[in-house]
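Just so you know, we're using our numbering here: the sequence shown kicks off at 15 and counts up by one. All residues carry an ideal CB built from backbone N, CA and C; glycine is no exception. Being a predicted model, the structure only gives us computed values, none of them experimental.
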Amino acid sequence: MDLGTTNSVVAVLEGGQPTVIPNAEGSRTTPSVVGFTKDGERLVGILAKRQAVLNPRGTVSSIKRFMGRNFEEVAEEMKIVPYTVGKGSNDSVRVEVEGKQYA
């Protein structure tokens, strides 16, 4: 699995050769985006990316810029994303959407 900042890819070894697994739309890459709708539905990939314009605060992208970092280290990055970034336990970074925190 390759979790990229923009896109992600999943592959398996078949007969000693890597084989990329296409997503539900048939694409070999999936946008690294998750959307949370007002009714609690979670959207992933292209569906999440499509609704981002109408739901920017409920759409999480470019999450790799926050992974493995302390809250104090991400002040500049927090300014450029539309979703809310909060502080978790042990100075960790959490994304806040619809009143819930996600690690």
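Aspartate 16 (DSSP reduced to helix, strand or coil): Strand at aspartate 16.
6 Å CB neighbourhood of valine 74 in its chain, flanking five on each side removed: Within the same chain, and ignoring the five residues on either side of valine 74 in sequence, the residues whose Cβ sits closer than 6 Å to its Cβ are Val48, Tyr97 and Val109.
Grab the span of the alpha helix (DSSP H) containing arginine 64 for me, first residue to last. Boundaries of the alpha helix (DSSP H) harbouring arginine 64: 60-65, taken from the DSSP string.
May I ask which residues mark the beginning and end of the beta strand (DSSP E) holding alanine 25? Note, alanine 25: beta strand (DSSP E), 25-28.
On the three-state DSSP scale, how would you describe asparagine 21? Here asparagine 21 sits in strand by DSSP.
With distances taken between CB atoms, is the gap from lysine 126 to proline 36 smaller than 7 Å? As shown, the chain starts at 15 and ends at 117. That puts residue 126 outside it, with no answer to give.
Burial state of valine 95, where buried means 16 or more other Cβ atoms lie within 10 Å: By the neighbour-count definition (other C-beta atoms within 10 Å, threshold 16), valine 95 is a buried residue.
In whole angstroms, what separates the C-alpha of leucine 17 from that of phenylalanine 50? Cα-Cα distance, rounded: 19 Å.
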